[in-house]
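**Q**
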Amino acid sequence: MTMNDDEAMAHIRDHLLKSRGIDISGYSPTFMMRSLRKRMGRSSMPDVESYVDLLIHDDAETTELISALSINVTEFFRDDGAFEALSEKIIRPLLRSKRETGGILRIWSAGCATGQETYTIAICLNEEMRRANMPEDMVASITGTDISASALAFARKGDYSESLVKNVPTYLLKRYFIKNESSYEIKDLLRKRVRFMKEDLMETPKSKFFDAIICRNVLIYFSRPSHDEVIENLHESLRSGGFLMLGRTEALMGRVRANFEMIDPENRIFVKVS
1 MTMNDDEAMA HIRDHLLKSR GIDISGYSPT FMMRSLRKRM GRSSMPDVES YVDLLIHDDA
61 ETTELISALS INVTEFFRDD GAFEALSEKI IRPLLRSKRE TGGILRIWSA GCATGQETYT
121 IAICLNEEMR RANMPEDMVA SITGTDISAS ALAFARKGDY SESLVKNVPT YLLKRYFIKN
181 ESSYEIKDLL RKRVRFMKED LMETPKSKFF DAIICRNVLI YFSRPSHDEV IENLHESLRS
241 GGFLMLGRTE ALMGRVRANF EMIDPENRIF VKVS
């Protein structure tokens, strides 16, 4: 019996939930089918039934499908009000603290996809350093992580089409990008602060003691149990007194909720208190 599209979607939802803890039940059916058809073409699968079978038996394809579902929602300065809050309520206090105590300022951009948000964080950091007359050689690092190897390769290249940088103010384009014939390339003064690495938010964190973790519009794709597990991993990775920033529609739930104090309800900014 041939599997229809609805049955295929049901199998895929069940597989992603069981294998990765990712709940895609709230995704648009049109968007889901578009992503599915794209992956079918790239994996040379003739029909949805063959693709579902491939997905279940090939962990790498599962990762690629997840990447296809997440890669298109990242932008430079997506929701610029949130980045104003990032600069004012996270970066400025951290710079003041580091100026007094020394040490490396460490920020984690979790679920970075193709790197636009990670580089936006780097721009905000550099702009705040300029505002505070701090030297550009101050030691500060931003780590962008994702589960997609192809997305990370794109991020490391740091070369974006004109349409992808449409939200970047003109003066920042001139300051932080090199204009090529049909694209904009990230300048070295940002590249030196940013590194990208593969990491699954469901797994035990590879790094700890971050000063801030930016995890915007990522948790909405997880089921409640997986959401709580990711939050626990983020909590473990954050130093005491560090900042956590979520997307505006995301909530901080689970047993570690009491370990955070919300300081900006609109922009979902929290401080780790224990």
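Okay, so the sequence shown: first residue is 1 according to the numbering used here, each after it adds one. Even glycine gets a Cβ: it sits at the ideal position worked out from N, Cα and C. For clarity, every value in this text was computed on a predicted model and none was experimentally measured.
#1: So, with DSSP's three-state summary, where would you put Gly41?
#2: For Glu7, name the three-state secondary structure that DSSP assigns.
#3: How big is the Cα-Cα spacing for Asp58 and Leu244?
#4: Which residue comes first and which comes last in the alpha helix (DSSP H) that contains Thr170?
#5: For Met1, I'd like the list of residues in its chain whose CB is within less than 8 Å of its CB, leaving aside the five on either flank, ordered along the chain.
#6: Once the 5 residues before and after Glu236 are set aside, which same chain residues still bring their CB inside 7 Å of it?
#7: What first and last residue would you give for the beta strand (DSSP E) that runs through Ala212?
#8: List the residues that DSSP assigns as beta-bridge partners of Glu261.
#9: Is Leu105 helix, strand or coil when you go by DSSP?
#10: For the candidate residues Ala68, Cys124, Ile214 and Thr30, whose alpha-carbon lies nearest to that of Ile147?
#11: Whose C-alpha, out of Asp5, Pro46, Ser35 and Leu55, is nearest the C-alpha of Leu16?
#12: Taking the DSSP output, what are the residues bridged to Thr145?
#13: Return yes when the Cβ of Ser223 is within less than 9 Å of the Cβ of Asp14, no when it is not.
#14: So the candidates are Met129, Leu105, Arg20 and Asp6; which of them puts its Cα closest to the Cα of Thr63?
#15: Taking Cβ to Cβ, would you say Ser172 is nearer than 9 Å to Ala122?
#16: Does the separation of the CB atoms of Arg248 and Ala10 fall below 9 Å?
**A** The relevant details are as follows:
#1: In the sequence shown, residue 41 corresponds to position 41, counting from 1. Helix at Gly41.
#2: Counting from one through the sequence shown, the residue named residue 7 turns up at place 7. DSSP places Glu7 in helix when its eight states are reduced to three.
#3: Taking the first residue of the sequence shown as 1, we reach residue 58 at position 58. Taking the first residue of the sequence shown as 1, we reach residue 244 at position 244. Cα to Cα, the separation comes out at about 34 Å.
#4: On the sequence shown, position 170 is the one that residue 170 refers to. Element bounds for Thr170: Thr170 to Tyr176.
#5: As a first step, residue 1 must be located in the sequence shown, where it is residue number 1. Model confidence at Met1 stands at a pLDDT of 45, short of 50, so the residue's coordinates are unreliable; what they give is reported in the following sentence. Only residues of its own chain outside the window of five on either side were considered, and among them none has a CB closer than 8 Å to the CB of Met1.
#6: Along the sequence shown, read from residue 1 onward, the residue named residue 236 stands at position 236. Hits under 7 Å: Pro205 and Lys208.
#7: Taking the first residue of the sequence shown as position 1, residue 212 is located at position 212. Start and end: Phe210 to Cys215.
#8: The residue labelled residue 261 in the question sits at position 261 within the sequence shown. Val271.
#9: Working through the sequence shown from its first residue, we reach residue 105 at position 105. Looking at Leu105 - three-state DSSP - the assignment turns out to be strand.
#10: Within the sequence shown, the letter at position 147 stands for residue 147. Of all alpha-carbon atoms in Ala68, Cys124, Ile214 and Thr30, the one lying nearest the alpha-carbon of Ile147 is that of Ala68.
#11: Indexing the sequence shown from 1 puts residue 16 at position 16. Proximity to Leu16 across Asp5, Pro46, Ser35 and Leu55 peaks at Leu55, based on C-alpha coordinates.
#12: Start at 1 with the first residue of the sequence shown, and residue 145 comes out as number 145. According to DSSP, which records beta bridges pairwise, Thr145 is partnered with Ala110 and Met197.
#13: To locate residue 14, count along the sequence shown from 1; it is residue 14. To locate residue 223, count along the sequence shown from 1; it is residue 223. Contact flag unset, no.
#14: For the purposes of this step, residue 63 is taken as residue 63 along the sequence shown, with counting starting at 1. The candidate whose alpha carbon is nearest that of Thr63 is Arg20.
#15: By one-based count along the sequence shown, residue 172 stands at place 172. By one-based count along the sequence shown, residue 122 stands at place 122. Strictly speaking, residue 172 in this sequence is Leu, with Ser absent from that position. In this structure, the beta-carbon distance from Leu172 to Ala122 does not fall below 9 Å.
#16: Translated into the one-based positions of the sequence shown, residue 248 becomes position 248. Translated into the one-based positions of the sequence shown, residue 10 becomes position 10. No; because the gap between Cβ atoms is not below 9 Å, this pair is not in contact.
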